[in-house]
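Have a look at the structure below, then the notes.
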Amino acid sequence: MTKQFHDNVLGGDILDQLYNEARTYNGWLDKEVSEEQIRHIYDLMKMAPTSANMQPGRFVWVTSEEGKAKLAECASEGNADKIKAAPVTVIIGYDIDFHEELPWLFPHTDAKSWFEGDEEGRKEGAFRNSALQGAYLILAARAVGLDCGPMSGYDADAVNDAFFGDDPKVKSNFICSLGYGDPSTIFERSPRPEFGKFNRMA
Numbered sequence: 002m003t004k005q006f007h008d009n010v011l012g013g014d015i016l017d018q019l020y021n022e023a024r025t026y027n028g029w030l031d032k033e034v035s036e037e038q039i040r041h042i043y044d045l046m047k048m049a050p051t052s053a054n055m056q057p058g059r060f061v062w063v064t065s066e067e068g069k070a071k072l073a074e075c076a077s078e079g080n081a082d083k084i085k086a087a088p089v090t091v092i093i094g095y096d097i098d099f100h101e102e103l104p105w106l107f108p109h110t111d112a113k114s115w116f117e118g119d120e121e122g123r124k125e126g127a128f129r130n131s132a133l134q135g136a137y138l139i140l141a142a143r144a145v146g147l148d149c150g151p152m153s154g155y156d157a158d159a160v161n162d163a164f165f166g167d168d169p170k171v172k173s174n175f176i177c178s179l180g181y182g183d184p185s186t187i188f189e190r191s192p193r194p195e196f197g198k199f200n201r202m203a
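Quick note: the sequence shown, position 48, residue 49 per the working numbering, numbers continuous.
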């Protein structure tokens, strides 16, 4: 590795917090997550790249007991309990009409025209880039000291009706609980493949 590479690498403790020692939690300690923390997560996440800065993610931060109950009704039995117990569960959604915001999000050129009249293309781009934003959200949450429990075991149509019913162009991608994870609720870490298993140089 070059000296430049060494100079730019984050410290091992930071890499452990974000990746090496971070885990997916199934249960939560009885500690609150503040709105200030939620806003901090968003402010970090929004700085990460999306195609043409399209920012298609639309987020519902479910913190109220009423909201948790409504979301839990849309989830599988095991995930319903996780949602009810978590301080926060965020619904990561995506706006199929994200291109309407491009004149100010990407003012360098007429990017809106790239997507007009192509709803299927917008769906593909919005889904892909909102998934990226969801991944950035997980790393941002870990960076501010929280733990995460992402999940996809829920009825997407039910979530869309319950939380995005007033805007049918917004659909859910996945959901993720946030809080202070209970160490007793994690499994032993599953295997991770070595570089040579799924990678090649070309």
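Idealized CB from N, CA, C, for every residue including glycine.
Less than 8 Å between the CB atoms is what I'm expecting for Ser-191 and Lys-83, so what's the real figure, rounded? Counting from one through the sequence shown, the residue named residue 191 turns up at place 190. Counting from one through the sequence shown, the residue named residue 83 turns up at place 82. Rounded, the Cβ-Cβ distance is 18 Å, inconsistent with contact.
Would you tell me roughly how many angstroms separate the C-alpha atoms of Glu-74 and Val-160, rounded to the nearest one? Position 73 of the sequence shown, counted from the start, is the residue given in the question as residue 74. Position 159 of the sequence shown, counted from the start, is the residue given in the question as residue 160. Distance between the alpha carbons of Glu-74 and Val-160: 9 Å.
CA nearest to the CA of Val-145, picked from Pro-169, Ser-35, Pro-194: For this step, residue 145 is matched to residue 144 along the sequence shown. When only C-alpha atoms are compared, the closest one is Ser-35.
Would Gly-150 and Asn-174 be called neighbours here (beta carbons separated by less than 8 Å)? Taking the sequence shown and counting its residues from 1, the one referred to as residue 150 is at position 149. Taking the sequence shown and counting its residues from 1, the one referred to as residue 174 is at position 173. Contact annotation: Gly-150 and Asn-174 have beta-carbon atoms that are not nearer than 8 Å.
Cβ neighbour criterion (16 or more within 10 Å) applied to Met-48: For this step, residue 48 is matched to residue 47 along the sequence shown. Exposed: under 16 other Cβ atoms inside 10 Å.
Can at least three beta-carbon pairs, one atom from the segment 9 to 28 and one from the segment 112 to 132, be found at a separation below 8 Å? no
Three-state secondary structure (DSSP) of Met-152: One-based indexing of the sequence shown puts residue 152 at position 151. Strand, per DSSP.
In whole angstroms, what separates the C-alpha of Trp-66 from that of Thr-186? Indexing the sequence shown from 1 puts residue 66 at position 65. Indexing the sequence shown from 1 puts residue 186 at position 185. Note that residue 66 corresponds to Glu in the displayed sequence, not to Trp. Whole-angstrom Cα-Cα distance: 22 Å.
Gly-13 in three-state terms, based on DSSP: For this step, residue 13 is matched to residue 12 along the sequence shown. Gly-13: helix per DSSP, three-state reduction.
List in chain order: all unbroken beta strand (DSSP E) runs of 3+ residues lying wholly within the segment 53 to 107. 58 to 63, 89 to 96
Where Asn-21 and Arg-59 are concerned, what is the direct C-alpha to C-alpha distance, given to the nearest angstrom? Counted from its first residue, the sequence shown places residue 21 at position 20. Counted from its first residue, the sequence shown places residue 59 at position 58. Those two C-alpha atoms are separated by around 29 Å.
Assuming Asn-200 is part of the alpha helix (DSSP H), what are its boundary residues? Locating residue 200 in the sequence shown gives position 199, counting from the first residue. Run containing Asn-200: none; DSSP gives neither H nor E here.
For the beta strand (DSSP E) that contains Leu-179, what are its first and last residues? Here residue 179 corresponds to residue number 178 of the sequence shown, with the count starting at 1. Note, Leu-179: beta strand (DSSP E), 171 to 180.
So for Thr-51, helix, strand or coil by DSSP? If you number the sequence shown from 1, residue 51 lands on position 50. Residue state, collapsed to three classes: coil.
Going by other Cβ atoms of all chains shown within 10 Å of its Cβ, with 16 needed for buried, is Ile-15 buried or exposed? Locating residue 15 in the sequence shown gives position 14, where the first residue counts as 1. By the 10 Å Cβ count, Ile-15 comes out exposed.
According to DSSP, what are the bridge partners of Thr-25? Reading the sequence shown from its first residue, position 24 is the one you call residue 25. According to DSSP, Thr-25 bridges with Cys-149.
Please classify Ile-187: does DSSP put it in a helix, a strand, or coil? Counting from 1 along the sequence shown, the entry for residue 187 is found at position 186. Secondary structure at Ile-187: coil, using DSSP grouped into helix, strand and coil.
What is the DSSP secondary structure of His-109, counted as helix, strand or coil? Working through the sequence shown from its first residue, we reach residue 109 at position 108. Reduced to three states, the DSSP call for His-109 is coil.
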